Structures are given as C-alpha cells and as structure tokens.
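In the UniProt record's numbering, the protein residues as written are 1 to 216. Beta carbons are placed, not taken as given, at the ideal position from N, Cα and C, and that holds for glycine. Bear in mind the structure is a predicted one, so any value in this text is a computation, not a measurement.
Below you can see the structure in the form of structure tokens.
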C-alpha cells in the first residue's frame with residue numbers, strides 16, 4: 001500500500017508541471033487552449049467527483065454558452081465560461097452593466113444550468129500580459145494543490161482572472177479551506193474566491209479508494 005502511494009506521489013509532480021506547461025503554451029497559441037484543456041480533463045475524468053453525465057453536460061453548457069454570448073455580446077466582451085456540476089462561473093470583462101446582465105441572463109437560459117455566479121468586470125479587455133500571467137498563476141496553483149497533503153488536487157477546478165483565483169469543485173468544508181489556503185500562498189495571487197459545492201463527510205468517504213483486497 002505504501003509503495004503504491006509512493007509511486008502515485010512521484011507521478012503527481014510531473015503531471016502538475018505538465019498542466020503548467022500546457023496552460024502556458026495554450027495562452028501563447030490562442031485557440032489551442034480548448035484542445036489542451038480537453039486533453040487534461042480527459043486524463044483526470046476518472047477521479048472527478050462529478051458523475052460522467054455531469055462532466056459531459058458541463059462541457060456542453062460551456063460550448064452552448066460560448067456560442068450564445070458570442071452572438072449577443074459580440075467582440076467587445078471577453079467572457080470566460082466555466083461550468084462545474086451545472087453551476088456556471090462567468091469571469092472576464094464586459095463593456096457595461098447591461099452586457100453583464102445580458103451575459104448572466106443568457107447563460108441562465110442554457111439548458112442544464114442550475115445557477116450562475118457572475119464575476120464579470122465592467123472594464124476594457126484585459127491585456128495579453130495580464131491573461132498570460134493569469135494562466136501561469138492557474139498552473140502554479142494546480143501544482144501547489146498536487147503537492148498539498150490530505151487533499152485530492154483533482155477535486156478542484158482553478159480559474160484565474162486579473163490575479164484573482166476562483167476555486168470550484170465538490171469538496172468538504174475542510175478541503176475547501178485547505179485549497180483556499182494553498183492558493184493564497186502562491187505568488188501573484190491577489191485574492192481567492194471560493195465557489196465550491198460542499199459535500200458531507202459521508203459523501204467524501206464514498207469517494208475514497210477502497211483498500212486492496214476489500215470486499216466488493
């Protein structure tokens with residue numbers, strides 16, 4: 001058992017660094033970000049605390065929402081859509097309050113969406129340098145979560161906008177606090193916002209791997 005744990009621990013750091021490198025490359029190559037994100041998500045899907053159906057629906061929500069907002073907001077807005085267990089986080093920049101309200105209303109109308117957390121800023125689009133820095137911060141936070149003890153890094157989804165880190169996922173109160181503390185310790189992070197869906201300790205236990213040789 002201890003040997004297996006050691007092997008997994010040794011594997012986690014290269015995986016975290018791969019996430020960081022892919023995220024940085026994605027920022028520098030524009031639309032490739034979608035491809036890189038999909039590859040990483042596919043690799044970790046088996047340990048995701050969402051059902052496979054919810055994971056699939058979250059991807060669909062993001063694609064449908066992006067198409068919708070592109071049509072109604074045009075090129076003046078820079079909106080990032082992250083859906084986790086059908087709860088949608090909107091981040092980025094829009095030109096005015098009307099556009100911010102429109103984005104929330106249109107996302108709430110997308111089939112399958114349970115709620116919308118609107119963190120859009122009314123301002124001009126963030127600079128290329130700012131977006132690149134946000135991508136690097138996201139990678140560093142993910143790597144730090146991998147290194148943290150007593151939590152599963154795959155239970156967290158990390159989104160960064162203008163140095164503000166948003167944490168999503170299905171976690172216990174304890175895991176949520178540990179994750180937030182880890183993120184706050186990463187250089188460049190100005191603020192951490194918890195957008196978690198909290199689960200009970202009994203639910204948490206159901207996600208833990210069964211000891212080798214245990215009864216099915």
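For residue j and residue i, the rounded distance between their alpha carbons
| i | j | result |
| --- | --- | --- |
| residue 158 | residue 150 | 18 Å |
| residue 34 | residue 173 | Low per-residue confidence applies at residue 34: pLDDT is 30, beneath 50, and the placement is therefore not dependable, though the value from the model is reported in the following sentence. Between residue 34 and residue 173, the C-alpha separation is close to 31 Å. |
| residue 52 | residue 112 | 14 Å |
| residue 154 | residue 204 | 14 Å |
| residue 128 | residue 139 | 17 Å |
| residue 79 | residue 145 | 26 Å |
| residue 194 | residue 201 | 19 Å |
| residue 126 | residue 56 | 30 Å |
| residue 124 | residue 152 | 36 Å |
| residue 209 | residue 190 | 35 Å |
| residue 211 | residue 47 | 16 Å |
Given residue i as reference, the closest of the options once Cα atoms are compared
| i | options | result |
| --- | --- | --- |
| residue 192 | 132, 51, 164 and 101 | 164 |
| residue 143 | 185, 161 and 208 | 185 |
| residue 261 | 76, 83 and 190 | Given a span of 1 to 216 for the chain in the structure shown, any question on residue 261 remains unanswerable. |
Test item: CB-CB of residue i and residue j under 9 Å
| i | j | result |
| --- | --- | --- |
| residue 65 | residue 94 | no |
| residue 171 | residue 199 | yes |
| residue 220 | residue 58 | No statement about residue 220 is possible, as the shown extent of the chain runs from 1 to 216 and does not include it. |
| residue 73 | residue 109 | no |
| residue 101 | residue 76 | no |
Close Cβ partners of residue i (< 8 Å) along its chain, the five nearest in sequence each way excluded
| i | result |
| --- | --- |
| residue 54 | 85 and 86 |
| residue 106 | 65, 68, 69 and 72 |
| residue 97 | 122 |
| residue 81 | 61, 62, 65, 66, 69, 88, 89, 90 and 107 |
Cβ-Cβ separation, residue j to residue i (assumed contact under 8 Å), whole Å
| i | j | result |
| --- | --- | --- |
| residue 141 | residue 183 | 5 Å |
| residue 91 | residue 120 | 7 Å |
| residue 148 | residue 117 | So it is not a contact: roughly 24 Å between Cβ atoms. |
| residue 206 | residue 162 | No, residue 206 and residue 162 are not in contact; Cβ-Cβ is about 37 Å, not under 8 Å. |
Close-in-space but distant-in-sequence residues of the same chain around residue i (CB under 7 Å, 5 per side omitted)
| i | result |
| --- | --- |
| residue 133 | 188 |
| residue 196 | 167, 168, 169, 171 and 176 |
6 Å Cβ shell around residue i - same chain, five flanking residues per side excluded
| i | result |
| --- | --- |
| residue 160 | 134, 137 and 138 |
Residue i CB to nearest heavy atom of the ligand ATP below 8 Å
| i | result |
| --- | --- |
| residue 79 | This structure does not include the ligand ATP; it has no bound ligands of any sort. |
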